[in-house]
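Chains as they are written, first to last, in the working numbering: chain A, 1 to 156; chain B, 157 to 350. Note that CB positions come from ideal geometry on N, CA and C, so glycine has one too. Input: a single structure, listed below in structure tokens.
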Amino acid sequence: MSLEYVLLVSAVAVSLVSLYLSMSSWLKARRAVFLVRSTLGSSRAKLTKPRKRYLVFEVIAVSGDLSHIKKDHVEKAVQKTCQLLYGVVGYGAARPSLVYYNESKGAGILAFKHVWRNHVFLVLSLIREINGVRVFVVPIVTTGTRKKALKVLEKT
Amino acid sequence: MVVDLCFKGAVDGNLVRYALRLGYRAIAYCGASSTEEVGGIRLVPRYELRRDTVSKFRNLRGFRVLVVESKDDLKAYPRLAGSIDSIKIEFSQLSDVSKDFLRRVIGLGVPVEVEFSELINRLLSGYPLDYYYLVLRLYVRKKIRVYVCSGATDLSNMVHPTAMLALISVLGVPEELAAKAVFKVPSELISNVA
């Protein structure tokens, strides 16, 4: 009788321990899966390939002559303002480069990395003077290819 | 409709021409006495009121902004209902922003004004933007409404609307909410006023 009782108690104890072990291992496995998933998710977000975008913009002269503004002047103004706002590292990451500038129209195309779109808009809005001419730089449209940007520029 | 709800300088033909080129269709400025249309732009009077003068200007026709300079300005805020269209918080004059103050701002239910020129000046001169982040965070959580205006004093300070959108996006506001603060909220406010 007592032996049966001892066996019963030990069987219950063993089953409880095994239940505890299986539950804890299942929880650990779930946590590990969650961690791996979250790590993969964040690394995927970090590894987004920065794609090139082309911004067609227009330079509006408030005072002075638009013909005094050359491509180099616009390029320098963009570089200076971008470095002022975001520093050398930000400038290097955004990589705004003047692809094309039409001096007679006062319009051009600026290439940059897509993740820095808003930053580049802000940079352009803060350019108030180019080569002594007070200006507004107005973004017109952003395209994914240079060809499309040139088409838009022809129409403006 | 693109609207600039805070222009502080004088509006002339030249400014109207450039504002049109920048895409604006309505401007609220302090010098106007009545709503008028000049060269395709609607000019709306803007009144900056202090707490003690709000009751005097209850029946003004124009865009009424309460300038909050101390935390006591929003005491008994239910009385302000219908007397103002928005509030502008002068963070430089507030000693601290308590939870109680923020509760009043939320309870008031009118949009909070954020000036582009002030924000960019603070950003460039290295002043802390803590209170602006506080306001923008409340906006993102949809506790309050926020609109962005240029705060320009003359033509050279005017900005393209996308720059305002870009600035608050850079500060962490999702783009759709930023667009709402730049385009939707100001146009709703101006349509209520004019």
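The beta carbon of H119 of chain A sits closer than 8 Å to some beta carbon of chain B. Contact check for F136 of chain A against H316 of chain B passes: the beta carbons are separated by less than 8 Å. With a cutoff of 8 Å on beta-carbon distance, V270 of chain B and V291 of chain B are scored as near each other. Setting aside the 5 residues that flank it on each side, L230 of chain B is surrounded in the same chain by V224, F257, R260, V261, L264, each with a C-beta closer than 7 Å to its C-beta; the list follows chain order. Those residues of the region 300 to 317 of chain B placed with their C-beta closer than 7 Å to a C-beta in chain A are L311, S312, V315, H316, ordered along the chain.
Taking C-beta separations shorter than 8 Å and ignoring five residues to either side along the sequence, the partners of G195 of chain B in its chain run G169, V172, R173, L176, following chain order. DSSP, reduced to helix, strand and coil, places F272 of chain B within a helical segment of the structure shown.
Annotation: Cβ neighbours of I60 of chain A in chain B (cutoff 9 Å, chain order): Y174, R177, L178. Rounded to whole angstroms, the separation of the alpha carbons of G90 of chain A and Q79 of chain A is 11 Å. For S211 of chain B, the secondary structure class from DSSP, reduced to helix, strand or coil, is coil. When DSSP assignments are scanned along the region 20 to 106 of chain A, the uninterrupted stretches of beta strand (DSSP E) that are 3 or more residues long and fall wholly within it turn out to be 52 to 63, 97 to 102. By the CB criterion at 8 Å, L345 of chain B and L216 of chain B fall outside the cutoff. Here the C-alpha atom of K76 of chain A lies approximately 29 Å from the C-alpha atom of T48 of chain A. F136 of chain A belongs to the set of residues whose beta carbon lies under 8 Å from a beta carbon in chain B. Taking 8 Å as the threshold, the shortest C-beta distance from L323 of chain B to chain A falls below it. With a cutoff of 8 Å on beta-carbon distance, V74 of chain A and Y101 of chain A are scored as near each other. Burial state of T142 of chain A is buried, judged by a 10 Å Cβ sphere holding 16 or more other Cβ atoms.
Sequence-distant partners of L150 of chain A (beyond 5 residues in either direction) whose C-beta falls short of 8 Å from its own C-beta, in its chain, are Y100, I109.
Put simply, the region 238 to 249 of chain B touches the region 267 to 286 of chain B. At least three CB pairs are less than 8 Å apart. Assigned with DSSP and collapsed to three states, L222 of chain B falls in strand. In the DSSP assignment, A322 of chain B falls within the alpha helix (DSSP H) that extends over 317 to 326. At a cut-off of 8 Å between beta carbons, A319 of chain B contacts chain A. Using a 10 angstroms sphere on the CB of A322 of chain B, the tally of other CB atoms reaches 16 or more, which defines it as buried.
Exclusion of the five residues before and after T156 of chain A leaves V56, E58, K105, A107, I140 as the residues of its chain whose Cβ lies within less than 8 Å of its Cβ.
Among the residues of chain A, those whose CB is under 8 Å from the CB of V326 of chain B are N118, H119, L122, following chain order. Taking 8 Å as the upper bound for CB-CB distance, A308 of chain B and G165 of chain B are in contact here, some 7 Å apart. At a cut-off of 8 Å between C-beta atoms, S125 of chain A counts as an interface residue with respect to chain B.
Take V158 of chain B, set aside five residues on each side of it, and the residues of its chain with a beta-carbon closer than 7 Å to its own are G179, Y180, R181, P317, F339, in chain order. Pairing S306 of chain B with A32 of chain A, the inter-Cα distance amounts to about 50 Å. In the displayed model, I240 of chain B falls within coil according to three-state DSSP, outside both helix and strand.
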